[in-house]
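Using the numbering used here, the first residue of the sequence shown is number 169, and each one after it goes up by one. See structure below.
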Amino acid sequence: MGAPHPGSRLGDGGEHSPLCCGRPLRGGAARVKRTAIVVGAGLVGLGVAAELMRDGWQVTVLEQGPADGVGTSHGNAGMLVPSHFVPLATMGFLKTGLRMMLKRGAPVTVRWRPDADLLGWVTRFTLSSLAGDEQARTQALLRLSLASRDQWERWADDFSHLARPGGQGLMMIARTAHGLEEEAEVGHQGARLGLDVEILDAEGVRRRQPGLDVQCEGGLWFGNDAHVAPHEWVQAMRLSLGSNLVSDTKVLGWQLSGDRWTGVKTNHGAMSADHVVLASGFESARMARSLGVNMAIQPGRGYGYTLPGGARLTTPSLLVEDRVSLTPMGETLRVTSGMEIGATHQAPDPARVAHIRAGAERVFPSLASADWDQSLWTGWRPLSADGLPYIGRVPNLGNAWVATGHGMMGISLAAGTGRILADLMGGHWPSLDPEPFRLDR
169 MGAPHPGSRL GDGGEHSPLC CGRPLRGGAA RVKRTAIVVG AGLVGLGVAA ELMRDGWQVT
229 VLEQGPADGV GTSHGNAGML VPSHFVPLAT MGFLKTGLRM MLKRGAPVTV RWRPDADLLG
289 WVTRFTLSSL AGDEQARTQA LLRLSLASRD QWERWADDFS HLARPGGQGL MMIARTAHGL
349 EEEAEVGHQG ARLGLDVEIL DAEGVRRRQP GLDVQCEGGL WFGNDAHVAP HEWVQAMRLS
409 LGSNLVSDTK VLGWQLSGDR WTGVKTNHGA MSADHVVLAS GFESARMARS LGVNMAIQPG
469 RGYGYTLPGG ARLTTPSLLV EDRVSLTPMG ETLRVTSGME IGATHQAPDP ARVAHIRAGA
529 ERVFPSLASA DWDQSLWTGW RPLSADGLPY IGRVPNLGNA WVATGHGMMG ISLAAGTGRI
589 LADLMGGHWP SLDPEPFRLD R
């Protein structure tokens, strides 16, 4: 692909786009009042609960933290990003990313430790990158992302007191010509897949961020993307559950009978329901092992700040070279970056913290005067080895389900994930093919 042409619109993302005009994700309401326990009250777990309740289920959500906590969602970038359709495990990343993963402070790093699970994950990641099925995984991820984006609008109707997903799109901003050309390759691919993409020169980027000095070579605008304030959504969805949210509850084990799950053992005693869903991030992998499931998942730690005075940034942006994201949220600016794989028992890396501020200030010099004296947020994302989430039934158990492995896309994919599981649990085949996300792939 040659050099990008600034100002060119690569795709219109309209109703004739090949991936946006399928049947909406819907399942008929359950005829009999069935019950489910969802383990995990992050947005993925809450999304599953919301869609089950839409279909008439009685749902109890278990959360190991306090009811007013928001977990990883508290500092999340809040981006709904169909533009992020390329899974992490690809040949391209294998060629360039492994070197980056060994560099301290790089956007994606591995904090090595003597651990069989981490070594197994890296092995599976490498094999997935070499497998030759990148296009199929890309299509699956994009379809889920677009379906979830549509479902978020339905959620906005349900929670009308919250701000609807912001429709300003996403700016991918490149500091260098090389970065712009590489991102343009992704843009051309996205346009071929039906996304609304526009390539911009430096002035075009500045027009989309009026009143700001933006130091860049150019960028891409992805019109299908949006953003939300995730902490507000988590709080509102938890509040809507009322007494059906059971907080400060730790899962200690399972009760099984033949090919059926029959109950969960907790620090508050045993609980039972017709079905159970594990949706507690990377902890789901550990919990699922005692159900006979071995998922290749590692925790990836992200870092971020919430800065006062974020209203000046008009369009959510992601800096191509530094992989720093900036999202306006009311009167604040959410700045996040990083994916530290396998760092569960290690302190935050000062080099990673410094990288966030340096990367942001290189492109937006005015941020040098921002109040960075804020509490550092860190959160754990569940990273699957092949870049696709695990969504589906536990093999050999008829009533146990899993929704995890969304990586950095938990917010973006939560609504679609909930709809898929609600359909499957209700005995309906989803309009979005769930096979790429099955647990035994």
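Even glycine gets a Cβ: it sits at the ideal position worked out from N, Cα and C.
- DSSP places Arg374 outside any beta strand (DSSP E); the residue lies instead in the alpha helix (DSSP H), whose first and last residues are Ala370 to Arg376.
- Restricted to the stretch 324–370, the alpha helix (DSSP H) segments that are unbroken, complete and at least 4 residues in length are 345–360, listed in chain order.
- In this structure, DSSP gives Glu489 a state outside helix and strand, which the three-state scheme calls coil.
- A direct Cα-to-Cα measurement between Phe253 and Ser313 gives close to 8 angstroms.
- DSSP, read as helix, strand or coil, puts Leu600 in coil.
- Residue environment for Ser458: exposed (fewer than 16 other C-beta atoms within 10 angstroms of its C-beta).
- At a Cβ-Cβ threshold of 9 angstroms, Val396 and Gly239 do not count as neighbours.
- Arg343 is the residue among Ser415, Gly213, Arg343 and Phe605 whose C-alpha sits nearest the C-alpha of Asp381.
- Ranking Ala217, Thr203, Asp236 and Val212 by CA distance to the CA of Asp416 puts Asp236 first.
- Of all alpha-carbon atoms in Ser493, Thr482, Ser505 and Tyr471, the one lying nearest the alpha-carbon of Glu499 is that of Thr482.
- In the three-state DSSP reduction, Thr294 falls in the helix class (H, G or I).
- Closest in alpha carbon position to Leu600, among Arg609, Asp608, Ala590 and Leu607, is Ala590.
- Under the DSSP assignment, Ser505 falls in the beta strand (DSSP E) whose first and last residues are Thr500 to Ile509.
- Counted as a single uninterrupted DSSP element, the stretch harbouring Ala538 is not any beta strand (DSSP E), since DSSP gives it neither H nor E.
- Only residues of its own chain outside the window of five on either side were considered, and among them Val531 have a CB closer than 6 angstroms to the CB of Gln383, listed in chain order.
- In the DSSP annotation of this structure, the continuous segment of the alpha helix (DSSP H) that includes Ser580 starts and ends at Gly578 to Met593.
- Only buried fits Ala204, as 16 or more other CB atoms lie within 10 angstroms of its CB.
- Of the residues Val206, Pro518 and Trp389, the one whose Cα lies closest to the Cα of Leu220 is Val206.
- Contact between Thr572 and Leu486 fails: their C-beta atoms lie close to 24 angstroms from each other, not under 8 angstroms.
- Distance from Met247 to Ile579 at the Cβ level is roughly 7 angstroms; contact confirmed, criterion being Cβ atoms closer than 8 angstroms.
- Per DSSP, Trp401 is one residue of the alpha helix (DSSP H) stretching across Pro398 to Leu409.
- Assigned with DSSP and collapsed to three states, Gln319 falls in helix.
- Nearest C-alpha to Asn392 among Trp280, Leu310, Met439 and Ala404: Leu310.
- Comparing alpha carbon positions, the residue from Asp283, Val354 and Gly224 closest to Gln303 is Val354.
- Within 10 angstroms of the beta-carbon of Asn462 lie fewer than 16 other beta-carbons, which makes it exposed.
- Of the candidates Asp427, Ala257 and Met439, the residue whose Cα lies closest to the Cα of Val227 is Met439.
- Judged by DSSP in its simplified three-state form, Met463 adopts coil rather than helix or strand.
- Considering only Glu351, Gln357 and Gly288, the residue with the shortest C-alpha distance to Gly387 is Glu351.
- Within its own chain, the residues whose Cβ lies closer than 7 angstroms to the Cβ of Gln542, once the five positions on either side in sequence are excluded, are Tyr473, Thr474 and Leu475, listed in chain order.
- No residue range can be given for Ser415, since it is assigned to no alpha helix (DSSP H) and is classified by DSSP as neither H nor E.
- Between Leu535 and Arg406, the gap from beta carbon to beta carbon reaches 9 angstroms or more.
- Taking a cut-off of 8 angstroms on C-beta distances, the stretch 288–301 touches the stretch 254–262, as three or more cross pairs fall below it.
- When DSSP states are grouped into helix, strand and coil, Phe390 belongs to the strand group.
- Ile588 places its beta carbon 9 angstroms or farther from that of Leu286.
- By the criterion of a C-beta distance shorter than 8 angstroms, Leu581 is surrounded in its chain by Val212, Leu312, Ser313, Ser316, Pro557 and His574, once the five residues flanking it on both sides are discounted.
- Spatial neighbours of Pro563 in its own chain (CB-CB distance under 8 angstroms, excluding positions within 5 residues in sequence) are listed in chain order as Gly460, Val461, Leu607 and Asp608.
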